[in-house]
Amino acid sequence: MSYQWDFSGILRYGDMLLIGLFGTVKIAVISIVLGVVVGLLVALLRLSSNPWARKPAGAFIEFYRNTPPIVHFFWFFYALPILICVNLDPFAAAVLALSTQSGAFYAEVFRGGIVSIERGQWEGAKALGMNYQMMMRRIIVPQALRRMVAPFVERSFELTKTTALASTLAYAELLYQAMQVNSITFRPMEVYTSVAVLFFVLLFTLSTLMRLVEHRLSRVG
Amino acid sequence: MADTLIRVRDLHKRFGELHVLRGVTLDVHRGERIAIVGSSGSGKSTLLRCINFMELPTEGTVELDGKVLGNERRGRDGQVIREYGESELCSVRERVGMVFQQFNLFPHMTALENVMEGLMTVKRLSRRAARDRANAQLTKVGLQDKVDTYPGKLSGGQQQRVAIARALAMDPEVLLFDEPTSSLDPELVGEVLSVIRALAEEGRTMLLVTHELGFAYHFADRVIFFADGRFYETGTPDAVLKHPQKERTQAFLARFSEFTF
Amino acid sequence: MEYTWDFGVVLANFPVLLRGVLLTLELWAIALALGLALGLGLGLARVSRRAWLNGTAIAYVEIFRNTPVLVQLIWFFFAFPIILGHQLTPFAAAVLGLTLNTSAYCAEIFRGGIQSIARGQWEGARALGMTYAMAMRRIVLPQVLKRMLPAFTNRGIELAKVTSLASVLAVHEVMYQGRLLSSTFYRPLEVLSVVAFIYFLLIYPGSYLSARLERRLATRD
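Residue numbers (my numbering), protein chains in the order written: chain V, 1 to 221; chain S, 222 to 482; chain L, 483 to 703.
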């Protein structure tokens, strides 16, 4: 059974795929940045001594950890507009879904880093007369940051993969564009294989860079 | 300047159901050197940690240089509650230095930076002033060659000496040592004890919780045997360590019979 | 913000959602079982000293870990049948994609577990005269299973979430049913919120038990 490969369609509509690639990168970067903001906020709430801050933050995290991302995408696109009486375009809904979701995971990374610092460090700092802000700023956070790098990078990698779900909202990231090209050329084998390869190249490069960065950072510490 | 630097009155400390300190009363005079000995779990570390408020007392008061710390408040059932403000406790800890069994050095800073840290962040010294003082303290404990070394590369004895330098640099009025040599390999214990001995000869006020009875004998003005959360027997090193009067002290010391003072 | 919530639609059509849940569970169970089995084989290939075996396994793992799951599912449904010469049902394509994806992650878990066993164990076993296979089966794997359990439970949780992507292939699992209901009755807020809640109910117990298990295993060692 020999299959006649025909990549001419891909080449002709290659620019559409490039637009998709750009869309993927754009939504990933924006969601990572916003996710960090959300994550910091939620982590601070989780670390608070006030249960009214801690418990809701905990519930937020547990909700996002135990529900599929695609549900979030649909919810923000179809359900939220009804609540707030504002229509959301696919990009906005996708970014909202991705940043809140990654925010929940980032919050655990941030909190995990802080909490992993052993008690003796807190005591050593306290014994010198440091208050909470001083302890965090000079002793705890600098050490915690080093431990957060690997899980943070890993989470961001997962986020980049999850951007493909935005195709279900008709946002012009790479997978959606591939579907468009397929609907014009009717060559799913070539189209989807090429797109898989494109994703692979993007993500594999990212993960190799990640490993290099991690390696470099862990040596300095 | 009062002659009695620290006054502890009827100190109690509970951890949930566990009643660790059961009414401790203690006067520490300026320049006095007190050794506290006793079995593990007797509460001696807890006492030390209450003095610099690493633990907050459940009942009782601690007075530093004539001032009773904390504020009294009447609780809902009329009982007296003592509350401690963070800034007050921070200023107490500036004046009362502590050396830990586990050293607790900051691994992301060199020895010098460890000693400088409190000076810059808490005492707000300039970087240069802090560095000069830190260098002086590290030289004093014999580590002038290791100022730029990270704790991870130092032996246990060296780390503890850095910890002592770090506490000393803050120029505290009292130094608390919480079993400073218990985590060290035997051959490293000596170098730390000689540093402590040198400090003792300077006339610093020091409280030392230790298992090193031989050292306690030579170091202390007063020895306290601690049991069941309170003082069991107290007196001069000779009285407590060589001629103990009470049964439990004798039993405790019998376990250390191979040591000669 | 005046909105009257109305869960009547959800209640009336609950059997539809329930059927979806059954299909979700089916997808999950099959993909997990097959994925574990295949993953074991791949994991063994990864620790093999035969370069071609090792290399193929590495390539397989990297392909599945560096492309989004949705892209994989789409490929298996739209592109793969072309080589196969025979159309796959959505369910079959989803199972295929999910199984192979899971197997790649499981391979890495097996590999990590096997490699974590000290050399001394191997040497002890060999010194007794055991073949490689015997040593693996009687000495190494039993010890390794306990260590890998937390990672496998995490994989199980991830897989449960990822089954929701089968909805894009029109597999009638719970996400698909939810979308169907919300577009048929124009009540996306209620329906999608309930779908999210259903997933939470399905997945959270797994997360909770997994965390308890991890803690128990950590203290035992």
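For each residue, glycine too, the CB sits at the ideal point set by N, CA and C.
CA-to-CA distance, residue j to residue i, given in whole angstroms
{"i": "V:Phe110", "j": "S:Gly306", "result": "28 Å"}
{"i": "L:Ile512", "j": "S:Pro372", "result": "52 Å"}
{"i": "S:Val395", "j": "S:Ala460", "result": "25 Å"}
{"i": "L:Leu516", "j": "V:Val38", "result": "38 Å"}
{"i": "S:Glu253", "j": "S:Val362", "result": "21 Å"}
{"i": "V:Leu175", "j": "V:Leu198", "result": "10 Å"}
{"i": "V:Pro51", "j": "L:Tyr690", "result": "20 Å"}
{"i": "V:Met130", "j": "V:Ser207", "result": "40 Å"}
{"i": "S:Phe477", "j": "V:Gly58", "result": "52 Å"}
{"i": "L:Val498", "j": "V:Thr67", "result": "20 Å"}
{"i": "V:Gly23", "j": "V:Val181", "result": "15 Å"}
{"i": "V:Glu123", "j": "S:Leu268", "result": "16 Å"}
{"i": "V:Leu217", "j": "S:Ala448", "result": "49 Å"}
{"i": "L:Asn536", "j": "L:Glu544", "result": "12 Å"}
{"i": "S:Arg382", "j": "S:Asn292", "result": "36 Å"}
{"i": "S:Gln365", "j": "S:Asn356", "result": "7 Å"}
{"i": "V:Arg119", "j": "V:Leu209", "result": "34 Å"}
{"i": "V:Arg46", "j": "V:Arg65", "result": "15 Å"}
{"i": "V:Ala164", "j": "L:Thr506", "result": "21 Å"}
{"i": "L:Ala705", "j": "L:Arg547", "result": "Limits of chain L in this structure are 483 at one end and 703 at the other, which puts residue 705 of chain L out of reach."}
{"i": "V:His215", "j": "V:Tyr106", "result": "21 Å"}
{"i": "V:Gln177", "j": "S:Thr370", "result": "56 Å"}
First through last residue of the beta strand (DSSP E) which encompasses residue i
{"i": "L:Val653", "result": "First-last for L:Val653: undefined, no H or E at that position."}
{"i": "S:Asn292", "result": "292-295"}
{"i": "V:Gly58", "result": "Where V:Gly58 is concerned, there is no enclosing beta strand (DSSP E), although the alpha helix (DSSP H) it sits in stretches over 51-65."}
{"i": "S:Glu304", "result": "301-304"}
{"i": "S:Thr225", "result": "225-236"}
{"i": "S:Leu397", "result": "395-399"}
{"i": "S:Gly281", "result": "280-285"}
{"i": "S:Val444", "result": "443-448"}
Integer-rounded CB distance, given that residue j should sit under 8 Å from residue i
{"i": "S:Gly435", "j": "S:Val444", "result": "Actually they do not touch by this definition, with Cβ atoms about 12 Å apart."}
{"i": "V:Leu128", "j": "S:Val320", "result": "The Cβ separation is near 12 Å, so there is no contact."}
{"i": "S:Phe324", "j": "S:Glu338", "result": "About 14 Å; that fails the 8 Å criterion."}
{"i": "V:Gly9", "j": "V:Thr185", "result": "3 Å"}
{"i": "V:Val71", "j": "L:Ser646", "result": "6 Å"}
{"i": "L:Gly502", "j": "L:Tyr658", "result": "7 Å"}
Any C-beta of chain S under 8 Å from that of residue i
{"i": "V:Gln133", "result": "no"}
{"i": "V:Glu123", "result": "yes"}
{"i": "V:Arg238", "result": "Since the displayed chain V opens at 1 and closes at 221, residue 238 of chain V lies outside it and no answer follows."}
{"i": "V:Arg147", "result": "no"}
Residue i at chain V interface by Cβ criterion, 8 Å
{"i": "S:Cys271", "result": "no"}
{"i": "L:Tyr658", "result": "no"}
{"i": "L:Lys628", "result": "no"}
{"i": "S:Thr431", "result": "no"}
{"i": "S:Gly306", "result": "no"}
{"i": "S:His329", "result": "yes"}
{"i": "L:Arg661", "result": "yes"}
{"i": "L:Glu508", "result": "no"}
{"i": "L:Glu544", "result": "yes"}
{"i": "S:Gln358", "result": "no"}
Proximity test, Cβ basis, 8 Å: residue i and chain L
{"i": "V:Gly221", "result": "Residue placement at V:Gly221 is poorly supported in this model, since its pLDDT is 45, which falls under 50; the coordinates still yield a value, given next. It does not; no Cβ of chain L falls within 8 Å."}
{"i": "V:Asn66", "result": "yes"}
{"i": "V:Ala172", "result": "no"}
{"i": "V:Met1", "result": "The predicted model places V:Met1 with a pLDDT of 46, which falls under 50 and marks its position as unreliable, so this point remains unresolved."}
Start and end residues, alpha helix (DSSP H) containing residue i
{"i": "S:Met427", "result": "Element bounds for S:Met427: not the alpha helix (DSSP H) but the beta strand (DSSP E), 426-430."}
{"i": "V:His72", "result": "69-74"}
{"i": "S:Ala256", "result": "S:Ala256 -> not in any alpha helix (DSSP H); beta strand (DSSP E) instead, spanning 254-259."}
{"i": "S:Tyr453", "result": "No alpha helix (DSSP H) contains S:Tyr453, which is instead part of the beta strand (DSSP E) from 451-456."}
{"i": "S:His439", "result": "434-440"}
{"i": "S:Met341", "result": "332-342"}
{"i": "S:Asp353", "result": "348-361"}
{"i": "L:Gly567", "result": "Careful: L:Gly567 lies outside any alpha helix (DSSP H) and carries neither H nor E."}
Residue i Cβ short of 7 Å to the ligand MN heavy atom set
{"i": "S:Arg469", "result": "Looking for the ligand MN in the displayed structure turns up nothing, as the structure carries no ligands at all."}
| request: Please confirm if the region 258-275 of chain S is in contact with the region 231-249 of chain S, defined as three or more CB-CB distances below 8 Å between the two stretches. | output: yes
| request: Say whether the region 227-234 of chain S touches the region 284-291 of chain S, bearing in mind that this needs 3 or more beta-carbon pairs closer than 8 Å, one atom from each stretch. | output: yes
| message | Is it the case that the region 110-119 of chain V contacts the region 128-145 of chain V, given that we only count it when at least three CB pairs across the two stretches are under 8 Å? | response | yes
| Does the region 591-607 of chain L come close enough to the region 671-687 of chain L that 3 or more CB-CB pairs lie under 8 Å? | no
| task | Determine contact between the region 559-574 of chain L and the region 583-590 of chain L, defined as no fewer than three beta-carbon pairs at a distance below 8 Å. | result | no
| request: For the region 99-108 of chain V and the region 150-164 of chain V, state whether three or more C-beta atom pairs, one from each stretch, are separated by less than 8 Å. | output: yes
| said: Using a Cβ distance threshold of 8 Å, determine whether the region 23-31 of chain V contacts the region 65-75 of chain V, with at least three qualifying pairs required. | reply: no
| Contact between the region 626-646 of chain L and the region 556-567 of chain L (3+ Cβ pairs under 8 Å) | no
| query | Is the region 375-392 of chain S touching the region 297-305 of chain S, taking contact as three or more C-beta pairs under 8 Å? | reply | no
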